[in-house]
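*Asks:* Numbering (my numbering), first residue to last: 46 to 503. First, the structure itself, so that you have it in front of you.
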Amino acid sequence: MELRDKPPNLLSSIHTARNFYLKHKAMPQYEHCMGVLKKAEKHKIVEGKFIKRYTKDPNRALVNSILAETILYHIIDHKKIDGCKYILPAAVNDPAVKKEIVLFGKLTELDRKGAALSEYIPLLNNGEAPLAILAKLADYAVTHNGENHLENFISEEGHPIFRTYSSMAEAYESLRMDANAGERIYAPIAELFGHPELAGSILKHAFDVNHHDIYNFVMEKIKDAELQERLSCTRILVKELAKRIRKTLIGAGFDVVVIPRLMKHEGKIMRKVHRKIAKRYNESEESKSMPFEDYLSTNIESFDITSLNDLVALRVIINKLGKREIDSMEEGKKRIVMNNAMALIKTNIEMLESISGSKYGYLIEDWNKESGYRAIHFDCYPIKTNMLRFEIQLKTFKEHWIAEEGGAAHWIYIGGDSELGRVLKEIYLSIIHRFNGKNEIKEKEGQLELPIPTLSKD
46 MELRDKPPNL LSSIHTARNF YLKHKAMPQY EHCMGVLKKA EKHKIVEGKF IKRYTKDPNR
106 ALVNSILAET ILYHIIDHKK IDGCKYILPA AVNDPAVKKE IVLFGKLTEL DRKGAALSEY
166 IPLLNNGEAP LAILAKLADY AVTHNGENHL ENFISEEGHP IFRTYSSMAE AYESLRMDAN
226 AGERIYAPIA ELFGHPELAG SILKHAFDVN HHDIYNFVME KIKDAELQER LSCTRILVKE
286 LAKRIRKTLI GAGFDVVVIP RLMKHEGKIM RKVHRKIAKR YNESEESKSM PFEDYLSTNI
346 ESFDITSLND LVALRVIINK LGKREIDSME EGKKRIVMNN AMALIKTNIE MLESISGSKY
406 GYLIEDWNKE SGYRAIHFDC YPIKTNMLRF EIQLKTFKEH WIAEEGGAAH WIYIGGDSEL
466 GRVLKEIYLS IIHRFNGKNE IKEKEGQLEL PIPTLSKD
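Take a look at the structure:
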């Protein structure tokens, strides 16, 4: 990464961008770029406070500045920057920003031709950590498929600087391919980088464009008054169960964090519904004579969304027993410790009836995948009650790290390419969610807070 002078603060960058788009009568493009920037800020992909605190960490400030500028100008056609008749903002001509805008454009070209995943690897595995893909994550999570928006991007002659479509038909086809890339590539990458909510937003947009039957079905069902009432009751129960499990495990000498996840993201519900219906289709006689889309349209309304076992979930993360780190124990001892934790969780599930009047059974699966994902899953199901199913995941600190920040990262789990995932993880490890060896886990607003990431010094 090329070092620059002190970057402008984020508000100054936004003001400069607004003037540029205003001058060229391109305010819809500016509004889109601002929507992407706001999404990036929401998910802490861009953090303006670090740009302002330049003297405390110049490298981190520069990374955030370069990424923010890339997002503000990502709709510039990368092939038209050199030799452009317009006076471009200084940021666009900055070598570091220009490089990311060019990479963003090349990734967009691959997305829109439906390129094989292997074609992405040379762009990313270049010995550096390209930031453009982080801009892509925020961009794909922003809904931009409305006709009013597209009309400002249609030009038969093209535009001197901005990326445009030659016709409405090309625009819709590009959006369809964008949605494919979001579902196939960028949602798994967001998971890989520890942004599960962003992954859900990308999936939601993708399903709105390419799987509208499932999108409409899920959005309608989750607004159903009866389901909302059952969800509300189940959440109350699960929050109480989380407190009791935590208290029990601490009492037994465990260093533990218990994190409730009180609603699965709509986009991830859509993907799971799609996957389950596809599995039924592949196992059915209809698969021999009926296209999947026809099967889906015929069967979607009969799908029972309450059959999903993780609309509500709990993560139980254990780090130590007494003063000993569980991950450092030899396998036999570790298994005994995990079994003890399992037994305490079982007891708490079995006590639910006496506590709340809601009786639950449970099935236990011990997951140990080639991807590195390890966890003990409790599928908790109601018995003669109107409550919903929920899931409990029991993991050690290391197992949580692998699942959320490492090789597994729900990447292979939800259908990503392992080689692309390996490359991405290697080149971004020093930029986001870097594990620095500190065994500290904090609970903050229902989310796990890992050690503060360290930025690359390259």
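The C-beta atom is built at its ideal place from N, Cα and C for all residues, glycine as well. The structure presented is a predicted model; accordingly, all values stated were derived computationally and were not measured.
Assuming the contact rule is C-beta atoms closer than 8 Å, Lys266 and Ile178 should be a hit. Round their C-beta distance to whole Å, please.
*Replies:* About 33 Å; that fails the 8 Å criterion.
*Asks:* Suppose you measure from the CA of Thr279 to the CA of Tyr426; what does that come to, to the nearest Å?
*Replies:* 11 Å
*Asks:* Any idea what DSSP makes of Tyr99, helix, strand or coil?
*Replies:* coil
*Asks:* Grab the span of the beta strand (DSSP E) containing Thr441 for me, first residue to last.
*Replies:* First-last of the beta strand (DSSP E) with Thr441: Phe435 to Thr441.
*Asks:* Could you check the C-alpha separation between Asp50 and Ser219 for me, to the nearest Å?
*Replies:* 38 Å
*Asks:* With DSSP run on the structure shown, which of helix, strand or coil describes Pro134?
*Replies:* coil
*Asks:* Assuming His88 contacts His240 under a Cβ cut-off of 8 Å, what Cβ separation, rounded to an integer in Å, is found between them?
*Replies:* 5 Å
*Asks:* Given Val254, which residues of its chain have a CB within under 7 Å of its CB, disregarding the five upstream and five downstream residues?
*Replies:* So the list reads Asn190, Leu220, Arg221 and Ala224, once near-sequence residues are dropped.
*Asks:* According to DSSP, simplified to helix, strand and coil, what is Lys84?
*Replies:* Note: Lys84 maps to helix in three-state DSSP.
*Asks:* Where His119 and Glu154 are concerned, what is the direct C-alpha to C-alpha distance, given to the nearest angstrom?
*Replies:* So the two alpha carbons sit approximately 13 Å from each other.
*Asks:* Helix, strand or coil: which one does DSSP assign to Asp253?
*Replies:* helix
*Asks:* Provide the residue(s) that pair with Ala585 in DSSP beta bridges, ordered along the chain.
*Replies:* Residue 585 lies beyond the residue range present for the chain, which begins at 46 and ends at 503; the question has no answer from this structure.
*Asks:* Beta-carbon within less than 8 Å of Lys284's beta-carbon, same chain only, minus the 5 sequence neighbours each way: which residues are those?
*Replies:* Pro305 and Leu307
*Asks:* Classify Lys443 as buried or exposed, calling it buried when 16 or more other Cβ atoms lie within 10 Å of its own Cβ.
*Replies:* buried
*Asks:* Write down every uninterrupted run of the alpha helix (DSSP H) in the segment 218–285 whose length is 4 residues or greater and which is fully enclosed by it, in chain order.
*Replies:* 232–237, 241–255 and 257–267
*Asks:* Suppose you measure from the CA of Asn344 to the CA of Asp102; what does that come to, to the nearest Å?
*Replies:* Here the alpha carbon of Asn344 sits roughly 55 Å from the alpha carbon of Asp102.
*Asks:* To the nearest angstrom, how far is the alpha carbon of Val357 from that of Asn138?
*Replies:* 48 Å
*Asks:* Over what stretch of residues does the beta strand (DSSP E) that includes Asp156 continue unbroken?
*Replies:* Counting along the chain, Asp156 falls outside any beta strand (DSSP E), though it belongs to the alpha helix (DSSP H) covering Pro140 to Arg157.
*Asks:* Indicate whether Leu62 and Pro134 have their beta-carbon atoms separated by less than 8 Å.
*Replies:* The question names Leu, but residue 62 is Ala in the sequence shown. Cβ atoms of Ala62 and Pro134: closer than 8 Å.
*Asks:* Does the segment 114–132 come into contact with the segment 198–206, if we say contact requires no fewer than three beta-carbon pairs (one atom in each stretch) closer than 8 Å?
*Replies:* yes
*Asks:* Taking Cβ to Cβ, would you say Tyr260 is nearer than 8 Å to Tyr185?
*Replies:* No, the pair does not count as a contact, with Cβ atoms beyond the cut-off.
*Asks:* What does the Cβ neighbour count give for Met213, buried or exposed, with the cut at 16 atoms within 10 Å?
*Replies:* exposed
*Asks:* Ignore the nearest five residues each way along the sequence and tell me which others in Ile59's own chain have a CB closer than 8 Å to its CB.
*Replies:* Met79, Leu82 and Leu117
*Asks:* Report the residue from Ile421, Asn197 and Lys391 whose alpha carbon sits nearest the alpha carbon of Lys70.
*Replies:* Asn197
*Asks:* For the candidate residues Leu152, Tyr210, Glu338 and Ala141, whose alpha-carbon lies nearest to that of His256?
*Replies:* Glu338
*Asks:* Beta-carbon within less than 7 Å of Ser403's beta-carbon, same chain only, minus the 5 sequence neighbours each way: which residues are those?
*Replies:* The answer, listed in chain order, is Leu282, Leu397, Pro427, Thr430 and Met432.
*Asks:* With DSSP as the reference, label Lys288 as helix, strand or coil.
*Replies:* helix
*Asks:* Where does Ala71 fall in DSSP's three states?
*Replies:* coil
*Asks:* Compare the C-alpha of Met264 against each of Lys313, Asp300 and Lys292 and name the closest.
*Replies:* Checked all of Lys313, Asp300 and Lys292; the closest Cα to Met264 is Lys313.
*Asks:* Kindly identify the DSSP beta-bridge partner or partners of Tyr326.
*Replies:* None, per the DSSP bridge assignment.
*Asks:* If you measure between the beta carbons of Ala287 and Leu359, is that distance less than 8 Å?
*Replies:* Yes, Cβ-Cβ distance for Ala287 and Leu359 is below 8 Å.
*Asks:* Around the Cβ of Ile90, are there at least 16 other Cβ atoms within 10 angstroms (buried) or fewer (exposed)?
*Replies:* buried
*Asks:* Leaving out five residues on either side along the sequence, give the residues of the same chain with a beta carbon under 6 Å from the beta carbon of Gly406.
*Replies:* Closer than 6 Å at Cβ, skipping near neighbours: Tyr426 and Ile428.
*Asks:* Taking the Cβ atom as the reference point for each residue, do Asn54 and Lys97 lie within a distance shorter than 8 Å?
*Replies:* Yes. Within cutoff.
*Asks:* Three-state secondary structure (DSSP) at Val318?
*Replies:* helix
*Asks:* In the structure shown, what three-state DSSP assignment does Tyr165 receive?
*Replies:* Per DSSP, reduced to three states, the secondary structure at Tyr165 is coil, with no helix or strand assignment.
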